[in-house]
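1 is the number of the first residue of the sequence shown in our numbering; add one for each residue after it.
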Amino acid sequence: NGAFVVGFVDRGGSDPVIRVSRYDAAGTFQNNFVVNVDTIGAADNVSGGMDGTGNIIVAWSQYGSDSSQTGVMYRRYDAAGTALDASDVLANTYQTIDQFDPSVALAGDGRFVITWTSQDQDGDASGIYGQQFLANGAKVALIKPGPVNGLRGWRSPALPEFDPFWRDVEAAGLPILVESDAAGVHL
1 NGAFVVGFVD RGGSDPVIRV SRYDAAGTFQ NNFVVNVDTI GAADNVSGGM
51 DGTGNIIVAW SQYGSDSSQT GVMYRRYDAA GTALDASDVL ANTYQTIDQF
101 DPSVALAGDG RFVITWTSQD QDGDASGIYG QQFLANGAKV ALIKPGPVNG
151 LRGWRSPALP EFDPFWRDVE AAGLPILVES DAAGVHL
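See below:
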């Protein structure tokens with residue numbers, strides 16, 4: 001519809017806050033609001049986007065937001081600018097050292113992806129990681145059926161060494177999706 005948002009870090013107070021300004025298709029300012037609920041700790045690296053119906057996703061890096069140092073947070077808003085999440089939501093699941101520099105992309109049906117840089121997650125400095133979400137904010141887990149090639153060769157996900165993962169997936173209430181082609185063959 002041509003409307004757009006601009007996200008920025010407001011450093012005017014004691015702790016930086018993430019703000020979003022909404023504009024209509026003609027570029028006329030609509031409103032401005034604070035995104036992050038938790039304003040303790042440095043907030044930085046804001047990224048946002050708007051889908052065709054006006055829903056907004058805003059992501060940012062915030063120090064002290066996960067169990068380690070810096071994590072990637074996000075919030076969802078409807079077309080009127082009303083928050084759909086009561087508080088800031090952690091996007092990254094890996095929580096060692098820093099995750100920062102998020103980038104947001106939205107699909108027409110409300111699904112979205114947040115990518116970020118993660119320090120030392122791959123064991124070799126920094127790497128790019130991401131998470132896909134359904135329109136309601138639920139994380140999507142991509143599961144490839146069959147054996148998985150790992151450090152000890154091809155292993156079945158049904159082995160006990162994988163059980164903690166499946167227990168955590170169930171406890172988190174994550175939807176499990178299997179992608180298939182038109183013939184029903186798992187991809």
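Positions of the beta carbon are idealized from the N, C-alpha and C atoms, including for glycine.
This one's a predicted model, so the numbers in the text were calculated from it and none came from an experiment.
Where residue i falls: helix, strand or coil (DSSP)
i: GLY7; result: strand
i: GLY2; result: coil
i: PRO102; result: strand
i: ARG19; result: strand
i: LEU90; result: strand
i: ILE40; result: coil
i: ASN32; result: strand
i: ILE128; result: strand
i: ASN45; result: strand
i: THR70; result: strand
Spatial distance of residue i from residue j (CA atoms)
i: ASP98; j: VAL113; result: 19 Å
i: THR53; j: GLN131; result: 22 Å
i: ALA105; j: SER47; result: 9 Å
i: ALA91; j: GLN69; result: 14 Å
i: PHE4; j: THR96; result: 34 Å
i: ASN136; j: ALA83; result: 12 Å
First and last residue of the uninterrupted beta strand (DSSP E) at residue i
i: THR53; result: Run containing THR53: none; DSSP gives neither H nor E here.
i: GLN119; result: 112-119
i: GLY27; result: Looking at the DSSP string, GLY27 is not in any beta strand (DSSP E), and its letter there is neither H nor E.
Beta-carbon spacing of residue i, residue j below 8 Å
i: ASP51; j: GLY127; result: no
i: GLN62; j: TYR94; result: no
i: ASN36; j: ALA42; result: no
i: GLY110; j: ARG22; result: no
i: ASP78; j: ASN55; result: yes
i: ALA59; j: PRO102; result: yes
i: VAL16; j: VAL9; result: Checking the sequence shown, residue 16 turns out to be Pro, not Val. Yes, Cβ-Cβ distance for PRO16 and VAL9 is below 8 Å.
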